[in-house]
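Using numbering that gives the first Met the number 0, the first residue of the sequence shown is number 0, and each one after it goes up by one.
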Amino acid sequence: MIVMKFGGTSVEDAAAIRNLTELVRKETPRRPVVVVSACAGVTNQLLAAAQLAAQGKKEEALAGVTAIEARHKRIVKELFDGETQKFLYRHFAALAEDLAALVNGVAVLGELTPRSLDTFASYGELMSSFIIHHYFESQRMKSFWTDARTFMRTDDRFTKASVQFDVTEQRLREVVRPKLDNGYIVMTQGFIGATAAGVTTTIGRGGSDLSAAIIGALLDAEDIQIWTDVDGILTADPTVVKDARRIKVMSFAEASELAYFGARVLHPETILPAVRKNIPVRVLNSKNPRSSGTVIAAKARTDKRCVVKSIAYKEGITLITIVSSRMFLAHGFLENIFDVFHKYETVVHTVATSEVSVTATVDTVKNLPHIVRELKHFASVTTAERKAIVCIVGDNLRNSPGLAVRMLTPVSDININMISQGASEINLSFVIDEEHVDEAVRRLHAELFANAERFPEVFE
Ligand code: ADP
Ligand code: ASP
Ligand code: MG
0 MIVMKFGGTS VEDAAAIRNL TELVRKETPR RPVVVVSACA GVTNQLLAAA
50 QLAAQGKKEE ALAGVTAIEA RHKRIVKELF DGETQKFLYR HFAALAEDLA
100 ALVNGVAVLG ELTPRSLDTF ASYGELMSSF IIHHYFESQR MKSFWTDART
150 FMRTDDRFTK ASVQFDVTEQ RLREVVRPKL DNGYIVMTQG FIGATAAGVT
200 TTIGRGGSDL SAAIIGALLD AEDIQIWTDV DGILTADPTV VKDARRIKVM
250 SFAEASELAY FGARVLHPET ILPAVRKNIP VRVLNSKNPR SSGTVIAAKA
300 RTDKRCVVKS IAYKEGITLI TIVSSRMFLA HGFLENIFDV FHKYETVVHT
350 VATSEVSVTA TVDTVKNLPH IVRELKHFAS VTTAERKAIV CIVGDNLRNS
400 PGLAVRMLTP VSDININMIS QGASEINLSF VIDEEHVDEA VRRLHAELFA
450 NAERFPEVFE
């Protein structure tokens, strides 16, 4: 079997749905599980409605719900007629009523919990997948729609829940496998799951990629296809670098490093389930299916001379400098620091240490005041916000003499706050002020990929 995941823009309107239907039809012999996102923008609209309700702006929130209903009904109108159209109109009217009831509930309470946010957000994927399932049926494709909450078991860390693999695997075997064996295309949602008690959860923004990878790994897929709106993973974010090139092949390690350092094209955890089962992940363009995309696989080491594959960046970074109150780093100092980050569930991206100080970067500032207060028990602490990490990724960077110079020369007039070479030998990164990030990425790209055509097996 294979998994085909379609992101928001690949399901955004009737034309996109017709298009994806043909892509799935071609793969029918390979028994696809189709995992879809909400129509582009709908998750944001749902979360905005929830926030408005909590702020007491009930009418605005309800207007948001009406807009979401209208958007889906427009798609229904274009794709269906007769009884199916009437049935789907009724279905979407009923879902909009449910959402309006949620808005009313939140408005009355004046409080929005992460748990309620997840309930709101789940509607996007439920809506898009339902339309697409019915469209498959109308095109005489044998489709089975299943609510991901029946198999995707998570813990109850709402808005960022973790999937519990053992129960999910068992449930996939019971719910999904028999349908595939009977020749059905299985249609389901990314992003959403449920706790053991059946309460709706989501696994984090952009999480449909991860859902797809988990389903693929647990069902031993031959292939996990991530269909999006660009030709694959590119040498840089194409919204910043217009002439970014397609990367034809990359290793699991390179792709996950890139995702962690901000390349939105893949959710950062997507690669892990695939690595465990050694399943290739393909990033493909639903608007240009003729492009062969990017293949991410274990054996993707290419020409030794071609080391740098891509540049990523992450904005909204806070730099924390922690200076030991003693002259030298006392033993246990690092441990104490990381205990504090751990306690406040804050992920540290990069760290640099000197004799007496540690500099670390984080991207969630929610618990920053608590973290700083605790660190101050044993160190002096300063923080600087609105920073960005720029990171180059490629196998074997550590063994490439001269690379650091090539990386830093183009940005020699930009103040660099911190430099770090990943322990994984595949990333080299630096921290700068956020306002310089686009410029830095463009200059680095021009320097590092000027000769990319010399490596036609890696770049297009
Ligand atoms: P989807 O809705 O299909 O999941 P996303 O918007 O989450 O799509 O991810 C695709 C987008 O990621 C692209 O449109 C592009 O703007 C952005 N992106 C950022 N960095 C990269 C990169 N290195 N390669 C490709 N796309 C990138
Ligand atoms: N719809 C969800 C989001 O916008 C999940 C996804 O698209 O991957 O975050
Ligand atoms: Mg995405």
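No residue lacks a Cβ here, since even glycine has one placed at the ideal position from N, Cα and C.
Buried versus exposed, by CB contacts within 10 Å (16 or more), P455 | Taking all protein chains in view, the Cβ of P455 is surrounded by fewer than 16 other Cβ atoms within 10 Å, so the residue is classified as exposed.
If you draw a straight line from the C-alpha of L108 to the C-alpha of T194, how long is it?
-> CA-CA distance, L108 to T194, rounds to 24 Å.
Quick one: Cα of F448 to Cα of D236, how far?
-> Spanning the two alpha carbons is a distance of roughly 14 Å.
DSSP three-state call for D117: helix, strand or coil?
-> DSSP, reduced to helix, strand and coil, places D117 within a helical segment of the structure shown.
If you measure from the CB of E124, is any heavy atom of the ligand COA nearer than 8 Å?
-> Among the ligands modelled here, namely the ligand ADP, the ligand ASP and the ligand MG, the ligand COA does not occur.
Taking the CB atoms as reference points, tell me whether V35 and K76 lie closer together than 9 Å.
-> No, Cβ-Cβ distance for V35 and K76 is not below 9 Å.
Classify H341 as buried or exposed, calling it buried when 16 or more other Cβ atoms lie within 10 Å of its own Cβ.
-> Burial is judged here by how many other beta carbons sit within 10 angstroms of a residue's own beta carbon; H341 has fewer than 16 and is exposed.
6 Å CB neighbourhood of A383 in its chain, flanking five on each side removed = Around A383: L318.
Which residues in the same chain have their Cβ closer than 8 Å to the Cβ of L22, if we skip the five residues on either side of it in sequence?
-> Taking L22 as the centre and dropping the five residues before and after it, the same chain places the C-beta of M3, W226, S285 and P288 closer than 8 Å to its C-beta, in chain order.
4-residue-minimum alpha helix (DSSP H) runs that sit fully inside the stretch 98 to 162, ordered along the chain | Complete alpha helix (DSSP H) runs here, min 4: 113 to 137.
Let me know the secondary structure DSSP gives E384 once reduced to three states.
-> For E384, the three-state secondary structure derived from DSSP is strand.
So, are the CB atoms of F458 and K247 less than 9 Å apart?
-> Yes, the pair counts as a contact, with Cβ atoms nearer than the cut-off.
Pick from I214, T360 and I130: whose alpha carbon is nearest that of Q169?
-> When each option's Cα is compared against that of Q169, the closest is I214.
Roughly how many angstroms separate the alpha carbons of A351 and A93, rounded to a whole number?
-> About 54 Å.
Quick one: what does DSSP say Y183 is sitting in, helix, strand or coil?
-> Y183: coil per DSSP, three-state reduction.
Using the beta-carbon count (16 or more within 10 Å), is E58 buried or exposed?
-> Burial call: exposed.
Which one of A62, K365, S323 and N416 has the shortest CA to CA distance from H376?
-> The shortest Cα separation from H376 among A62, K365, S323 and N416 belongs to S323.
Secondary structure at Y312, three-state DSSP: helix, strand or coil?
-> The DSSP-derived three-state label of Y312 is strand.
Rank A220, A243 and K72 by C-alpha distance to the C-alpha of G231 and give the top, closest one.
-> It is A243.
State the Cα-Cα distance for the pair D437 and A387, rounded to the nearest angstrom.
-> If you take the alpha carbons of D437 and A387, they lie about 10 Å apart.
For S250, count neighbouring Cβ atoms within 10 angstroms of its own Cβ and tell me buried if that reaches 16, exposed if not.
-> Buried.
How long is the line joining the alpha carbons of A13 and Q84, rounded to whole angstroms?
-> If you take the alpha carbons of A13 and Q84, they lie about 13 Å apart.
Spatial neighbours of A296 in its chain, beta-carbon cut-off 6 Å, leaving aside the 5 residues before and after = Within the same chain, and ignoring the five residues on either side of A296 in sequence, the residues whose Cβ sits closer than 6 Å to its Cβ are P279.
Nearest-angstrom Cα separation, counted from V33 out to V389 = When rounded, the distance between both Cα atoms is 34 Å.
Look at the alpha carbon of G206 and the alpha carbon of H266, and state the distance between them as a whole number of angstroms.
-> Those two C-alpha atoms are separated by around 6 Å.
Determine the burial state of P177: buried for a count of at least 16 other Cβ atoms within 10 Å of its Cβ, exposed for fewer.
-> Around the beta carbon of P177, fewer than 16 other beta carbons sit within 10 angstroms, so the residue counts as exposed.
H348 lies in the beta strand (DSSP E); which residues open and close that run?
-> Element bounds for H348: V347 to T352.
Cβ-Cβ separation, S121 to I67 (assumed contact under 8 Å), whole Å | By a beta-carbon distance limit of 8 Å, I67 does not contact S121. Their separation comes to about 13 Å.
Can I16 and L78 be called in contact, C-beta distance under 9 Å?
-> With contacts defined by Cβ atoms closer than 9 Å, I16 and L78 form a contacting pair.
In terms of residues, what are the limits of the alpha helix (DSSP H) holding T293?
-> Per DSSP, T293 belongs to no alpha helix (DSSP H); it is in the beta strand (DSSP E), T293 to A296.
From N544 to R325, what distance separates their C-alpha atoms?
-> Nothing about residue 544 can be read from this structure; the chain reaches only from 0 to 459.
Option in E452, V10, S9 and Q163 with minimal Cα separation from T234 | Answer by Cα proximity: E452.
Which term fits G55, buried or exposed, when burial requires 16 or more other beta carbons within 10 angstroms of its beta carbon?
-> By the neighbour-count criterion, in which 16 or more other beta carbons inside 10 Å mark a residue as buried, G55 falls on the exposed side.
Which word fits R275, buried or exposed, when buried means at least 16 other C-beta atoms lie within 10 angstroms of its C-beta?
-> Taking a 10 Å sphere around the C-beta of R275, we find fewer than 16 other C-beta atoms and assign the residue as exposed.
Does the ligand ASP have even one heavy atom less than 8 Å from the beta-carbon of H266?
-> Flag set: Cβ of H266 near the ligand ASP.
Contact check, T187 vs T118, beta carbons under 9 Å | No Cβ-Cβ contact shorter than 9 Å links T187 with T118.
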